[in-house]
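Chemist: Those protein sequence lines, which keep their order, are chains A and B. For my numbering, count along the first sequence from 1 and bump the result up by 44. For my numbering, count along the second sequence from 1 and bump the result up by 14. For reference, the structure I am asking about is given below.
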Amino acid sequence: MRAAAVIGLVAGFGMLLQTTLFHALPLRLRLSPDVLLVLVVFLGLHRHTLGGVVGAFVLGYLQDAASGGAVGLNAFGMVAVYALVYLTCRRLWVDNVLSKVVLVFLAAWVKAIAVLTVSGLFGAFEGAWGPTLGALLMNAALAALLAPPVFALLAMARLPDARDEG
Amino acid sequence: MEYLRRNRILLASAGLLLCSLLLVSVSVRSPNARDPVGRLLLDALAPFQVVFGWIGRGTGRVWSGYMDVVDARQQNEQLRAQVAALNAQLLRSSELEGENQRLTALLNLRGQIAGSAYGARVIGRDANPMAMMLTIDRGGRDGLRRGFAVVAPQGVVGQVAESSYTASRVVLLTDHNSGIDAIVQRSRARGVVKGGTDGTCRMEYLTRDADVQVGDRILTSGLDGVFPKGLVVGEVVEVGRSNRGLLQAATVQPSVELEKLEEVLVVDPTAKLANEPPA
Numbered sequence: 045m046r047a048a049a050v051i052g053l054v055a056g057f058g059m060l061l062q063t064t065l066f067h068a069l070p071l072r073l074r075l076s077p078d079v080l081l082v083l084v085v086f087l088g089l090h091r092h093t094l095g096g097v098v099g100a101f102v103l104g105y106l107q108d109a110a111s112g113g114a115v116g117l118n119a120f121g122m123v124a125v126y127a128l129v130y131l132t133c134r135r136l137w138v139d140n141v142l143s144k145v146v147l148v149f150l151a152a153w154v155k156a157i158a159v160l161t162v163s164g165l166f167g168a169f170e171g172a173w174g175p176t177l178g179a180l181l182m183n184a185a186l187a188a189l190l191a192p193p194v195f196a197l198l199a200m201a202r203l204p205d206a207r208d209e210g
Numbered sequence: 015m016e017y018l019r020r021n022r023i024l025l026a027s028a029g030l031l032l033c034s035l036l037l038v039s040v041s042v043r044s045p046n047a048r049d050p051v052g053r054l055l056l057d058a059l060a061p062f063q064v065v066f067g068w069i070g071r072g073t074g075r076v077w078s079g080y081m082d083v084v085d086a087r088q089q090n091e092q093l094r095a096q097v098a099a100l101n102a103q104l105l106r107s108s109e110l111e112g113e114n115q116r117l118t119a120l121l122n123l124r125g126q127i128a129g130s131a132y133g134a135r136v137i138g139r140d141a142n143p144m145a146m147m148l149t150i151d152r153g154g155r156d157g158l159r160r161g162f163a164v165v166a167p168q169g170v171v172g173q174v175a176e177s178s179y180t181a182s183r184v185v186l187l188t189d190h191n192s193g194i195d196a197i198v199q200r201s202r203a204r205g206v207v208k209g210g211t212d213g214t215c216r217m218e219y220l221t222r223d224a225d226v227q228v229g230d231r232i233l234t235s236g237l238d239g240v241f242p243k244g245l246v247v248g249e250v251v252e253v254g255r256s257n258r259g260l261l262q263a264a265t266v267q268p269s270v271e272l273e274k275l276e277e278v279l280v281v282d283p284t285a286k287l288a289n290e291p292p293a
């Protein structure tokens, strides 16, 4: 319950940052680092429970609800990211900051590819691929940069790792 | 059952992926359908978004102001560098223009002289203030010899006193060792222009009854075998007539600004001037 509250708080804060502050900054590129994605990677690394996967779905669904696009796209992407991070950390030791940064960067690509693929399948994507991929690369890099402070923030909450023993 | 229990996270993920696809499908097929969660979220986030938006815009304004200052500073530095470069260019250009004018005048003078003449640059001056000499960058290698006349577009400069292989020393007409046979242009009175010690010359050996006035122009007579006839030497600025004696003398201001000379023409003593300058 405490974990859900902490992650919900960080998610709400992250969503506010994504929808307001980053857009208000006078940057030449329209960049918006995906804070919720970092949270989903955190869930995939430390919350191996049904609650974790549902949390990933909910975070994606919230992102969909706040984005105004087709509902379910980000939910799909987030669940895909959760599943891949879950599978990865069962086989690889992901514990230091650098490996988490790399994981978030790759997760950003996984999510982007998943979202674009589903969009393509349902005809919801009509943009040009070149600029989209450029923006994705920048956003993935930003999400990776954002990973250490978000992970540090969550570490301060001292949330224990949760695993449904199978 | 054991399989389901062991893989329930992956199975749940697969189920939620399918659920997501279903949501996308419904959302794409009925774009006008309102998402109730979306509306709730909008309402929940709105007040916070106002605050965060205000913070973001404030931060953005501060950032923009800072960037403007940085831009202005960079622009200022660029403009300063540009002004400095343009000033240097202007200076070079004006220097080249001056040189061009001087060389054109020298070339015109060369056109008036029938015979050998060599352009030369002044490369040095005598260290002794009493000696009125300068050094030019032409010497025996170029055919220059002692006794060659040295002139400028404004008039007589002096004559070659000594010539090495690559350079020559020129004794100016204001040097006390210099003597030039000259005439008063207006009255054709004859005398010898000799150097003084104060940067001026004196025209000596004028007969007592010679007609010389202040403002008269003095020309070379061509009788000394050094300077072609008709070159301007200078202008009479003072006439000294004593009550006694057979001769008189006049102070002559050289027509050439000898201190500012940069280029000269060295003329063979056998050369002639095509036209005498107008009075």
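Where is the CB? At the ideal position from N, CA and C, for every residue including glycine. In this text the structure is predicted, and so the values were computed from the model without any measurement.
Quick one: is Y179 of chain B buried, meaning 16 or more other Cβ sit within 10 Å of its Cβ, or exposed?
Modeler: Taking the first residue of the second sequence as 1, we reach residue 179 of chain B at position 165. It is exposed - the Cβ of Y179 of chain B has fewer than 16 other Cβ atoms within 10 Å.
Chemist: Apart from the five residues on each side of it in sequence, which residues of its chain come closer than 6 Å, Cβ to Cβ, to G210 of chain A?
Modeler: In the first sequence, residue 210 of chain A corresponds to position 166, counting from 1. At G210 of chain A, the pLDDT of 46 sits below 50, so the modelled position is not reliable; the number obtained from the coordinates is stated separately. Same-chain partners within the cutoff: there are none.
Chemist: Could you check whether the Cβ of T63 of chain A sits closer than 8 Å to any Cβ belonging to chain B?
Modeler: Start at 1 with the first residue of the first sequence, and residue 63 of chain A comes out as number 19. True, the Cβ-Cβ gap to chain B drops below 8 Å.
Chemist: Are there three or more Cβ pairs, one per stretch, closer than 8 Å when the stretch 156-171 of chain B is compared with the stretch 185-197 of chain B?
Modeler: Cβ pair count under 8 Å is three or more, so yes.
Chemist: Counting only beta-carbon atoms, is G210 of chain A nearer than 8 Å to chain B?
Modeler: If you number the first sequence from 1, residue 210 of chain A lands on position 166. With a pLDDT of 46 at G210 of chain A, under the threshold of 50, the predicted position of this residue should be treated as unreliable, though the coordinate-derived value follows. For G210 of chain A, the answer is yes, since a Cβ of chain B falls inside 8 Å of its Cβ.
Chemist: For S199 of chain B, count neighbouring Cβ atoms within 10 angstroms of its own Cβ and tell me buried if that reaches 16, exposed if not.
Modeler: For the purposes of this step, residue 199 of chain B is identified with residue 185 of the second sequence, where counting begins at 1. The question names Ser, but residue 199 of chain B in the sequence shown is Gln. Q199 of chain B comes out buried.
Chemist: Does the Cβ of I157 of chain A have 16 or more other Cβ atoms within 10 Å, making it buried, or fewer, making it exposed?
Modeler: Here residue 157 of chain A is taken as the residue at index 113 of the first sequence, counted from 1. Exposed.
Chemist: Does chain B have any CB closer than 8 Å to the CB of L106 of chain A?
Modeler: On the first sequence, residue 106 of chain A is found 62 positions in, with the first residue counted as 1. For L106 of chain A, the answer is yes, since a Cβ of chain B falls inside 8 Å of its Cβ.
Chemist: If I measure Cβ to Cβ from A100 of chain A and keep anything under 6 Å in the same chain, skipping five residues before and after, which residues do I get?
Modeler: Within the first sequence, numbered from 1, the residue matching residue 100 of chain A stands at position 56. Closer than 6 Å at the Cβ level, and outside the excluded window around A100 of chain A, lie V84, L87, M122, V123 and Y126.
Chemist: Per the DSSP calculation, A193 of chain A is bridged to which residue(s)?
Modeler: On the first sequence, position 149 is the one that residue 193 of chain A refers to. In the sequence on display, residue 193 of chain A carries Pro and not Ala. Answer by DSSP bridge pairing: none, since P193 of chain A is not bridged.
Chemist: For the ligand PLP, any of its heavy atoms closer than 7 Å to the Cβ of C33 of chain B?
Modeler: With respect to the ligand PLP, the structure offers nothing, as it holds no ligand at all.
Chemist: For G164 of chain A, would you say it is in contact with chain B, using Cβ-to-Cβ distances shorter than 8 Å as the test?
Modeler: Translated into positions along the first sequence, residue 164 of chain A becomes position 120. It does not; no Cβ of chain B falls within 8 Å.
Chemist: Excluding five sequence neighbours on each side, which residues of the same chain lie with their C-beta closer than 8 Å to the C-beta of R159 of chain B?
Modeler: Taking the second sequence and counting its residues from 1, the one referred to as residue 159 of chain B is at position 145. Excluding positions up to five away in sequence, the list reads V174 and S177.
Chemist: Per the DSSP calculation, L61 of chain A is bridged to which residue(s)?
Modeler: Position 17 of the first sequence holds residue 61 of chain A. Answer by DSSP bridge pairing: none, since L61 of chain A is not bridged.
Chemist: Measuring straight from C-alpha to C-alpha, what distance separates R141 of chain A and L181 of chain A?
Modeler: Position 97 of the first sequence, counted from the start, is the residue given in the question as residue 141 of chain A. Position 137 of the first sequence, counted from the start, is the residue given in the question as residue 181 of chain A. One detail in the question is off: residue 141 of chain A reads as Val in this sequence, not Arg. Distance between the alpha carbons of V141 of chain A and L181 of chain A: 20 Å.
Chemist: If L123 of chain B sits next to G138 of chain B, beta carbons under 8 Å apart, how far is it from one beta carbon to the other, in whole angstroms?
Modeler: Here residue 123 of chain B corresponds to residue number 109 of the second sequence, with the count starting at 1. Here residue 138 of chain B corresponds to residue number 124 of the second sequence, with the count starting at 1. The Cβ separation is near 23 Å, so there is no contact.
Chemist: Does the stretch 52-67 of chain A come close enough to the stretch 101-113 of chain A to have 3 or more Cβ pairs within less than 8 Å?
Modeler: Output reads yes: the stretch 101-113 of chain A touches the stretch 52-67 of chain A.
Chemist: Between V38 of chain B and chain A, is any beta-carbon pair separated by less than 8 Å?
Modeler: Taking the first residue of the second sequence as position 1, residue 38 of chain B is located at position 24. V38 of chain B counts as touching chain A.
Chemist: Bridge partners of L261 of chain B, per DSSP?
Modeler: Position 247 of the second sequence holds residue 261 of chain B. The partner list for L261 of chain B (beta bridge, DSSP) reads B:T221.
Chemist: Select from A:T93, A:A201 and A:F166 the residue whose C-alpha is nearest the C-alpha of A44 of chain B.
Modeler: Walking along the second sequence from the start, residue 44 of chain B turns up at place 30. Residue 44 of chain B is actually Ser in this sequence, not Ala. Nearest C-alpha to S44 of chain B: A:F166.
Chemist: Using a cut-off of 8 Å between C-beta atoms, extract the partners of V97 of chain A located in chain B.
Modeler: Residue 97 of chain A sits at position 53 when you count from the first residue of the first sequence. The answer, in chain order, is I23, A26, S27 and L30.
Chemist: If distances are taken between C-alpha atoms only, which option among B:L56, B:S108, B:S39 and B:V270 comes closest to V115 of chain A?
Modeler: Within the first sequence, the letter at position 71 stands for residue 115 of chain A. When only C-alpha atoms are compared, the closest one is B:S39.
Chemist: Roughly how many whole angstroms lie between the Cα atoms of L136 of chain A and G56 of chain A?
Modeler: Residue mapping note: residue 136 of chain A aligns to position 92 of the first sequence, counting from 1. Residue mapping note: residue 56 of chain A aligns to position 12 of the first sequence, counting from 1. C-alpha separation (whole angstroms): 30 Å.
Chemist: Do S182 of chain B and K208 of chain B come within 8 Å of each other at the CB atom, strictly closer than that value?
Modeler: By 1-based counting over the second sequence, the position of residue 208 of chain B is 194. By 1-based counting over the second sequence, the position of residue 182 of chain B is 168. No.
Chemist: Spell out whether any CB of chain A is found under 8 Å from the CB atom of Q63 of chain B.
Modeler: As a working mapping, residue 63 of chain B is identified with position 49 in the second sequence. Chain A, which has a Cβ nearer than 8 Å to the Cβ of Q63 of chain B, makes this yes.
Chemist: Would you mind giving the Cβ-Cβ distance between V280 of chain B and A131 of chain B, rounded to the nearest angstrom? I have them listed as a contact below 8 Å.
Modeler: Position 266 of the second sequence, counted from the first residue, corresponds to residue 280 of chain B. Position 117 of the second sequence, counted from the first residue, corresponds to residue 131 of chain B. The Cβ separation is near 7 Å, so the contact holds.
Chemist: Let's see if you can read the secondary structure: which residues bound the alpha helix (DSSP H) around T132 of chain A?
Modeler: Start at 1 with the first residue of the first sequence, and residue 132 of chain A comes out as number 88. From DSSP, the alpha helix (DSSP H) with T132 of chain A extends over L117 to R135.
Chemist: Is M15 of chain B helix, strand or coil when you go by DSSP?
Modeler: Here residue 15 of chain B is taken as the residue at index 1 of the second sequence, counted from 1. In this structure, M15 of chain B counts as coil in the three-state DSSP scheme.
Chemist: Note down, in chain order, every chain B residue with its Cβ under 8 Å from the Cβ of M59 of chain A.
Modeler: Counted from its first residue, the first sequence places residue 59 of chain A at position 15. Ordered by position in chain B, the residues that pass the 8 Å Cβ test against M59 of chain A are L59.
Chemist: Between E91 of chain B and L100 of chain B, what straight-line distance do the alpha-carbon atoms span, to the nearest angstrom?
Modeler: Looking up residue 91 of chain B in the second sequence gives position 77. Looking up residue 100 of chain B in the second sequence gives position 86. Taking the straight line joining both Cα atoms gives about 14 Å.
Chemist: Suppose contacts are defined by Cβ-Cβ distances below 8 Å. Is L18 of chain B in contact with L24 of chain B by that definition?
Modeler: If you number the second sequence from 1, residue 18 of chain B lands on position 4. If you number the second sequence from 1, residue 24 of chain B lands on position 10. For L18 of chain B and L24 of chain B, no; Cβs fall outside 8 Å.
Chemist: With DSSP as the reference, please indicate the residues paired to A163 of chain B in a beta bridge.
Modeler: On the second sequence, residue 163 of chain B is found 149 positions in, with the first residue counted as 1. Per DSSP, B:Q173 and B:V281.
Chemist: Indicate the three-state DSSP secondary structure (helix, strand or coil) for P50 of chain B in the structure shown.
Modeler: Working through the second sequence from its first residue, we reach residue 50 of chain B at position 36. Three-state DSSP puts P50 of chain B in a helix.
Chemist: At what residues does the beta strand (DSSP E) containing D195 of chain B begin and finish?
Modeler: Within the second sequence, the letter at position 181 stands for residue 195 of chain B. Note, D195 of chain B: beta strand (DSSP E), G193 to V198.
Chemist: Using three-state DSSP, classify T180 of chain B as helix, strand or coil.
Modeler: Taking the first residue of the second sequence as 1, we reach residue 180 of chain B at position 166. DSSP places T180 of chain B in coil when its eight states are reduced to three.
Chemist: For a cutoff of 8 Å on Cβ pairs, would you count D312 of chain B as touching chain A?
Modeler: For chain B, the structure presents residues 15 to 293; residue 312 of chain B sits outside this window and is missing.
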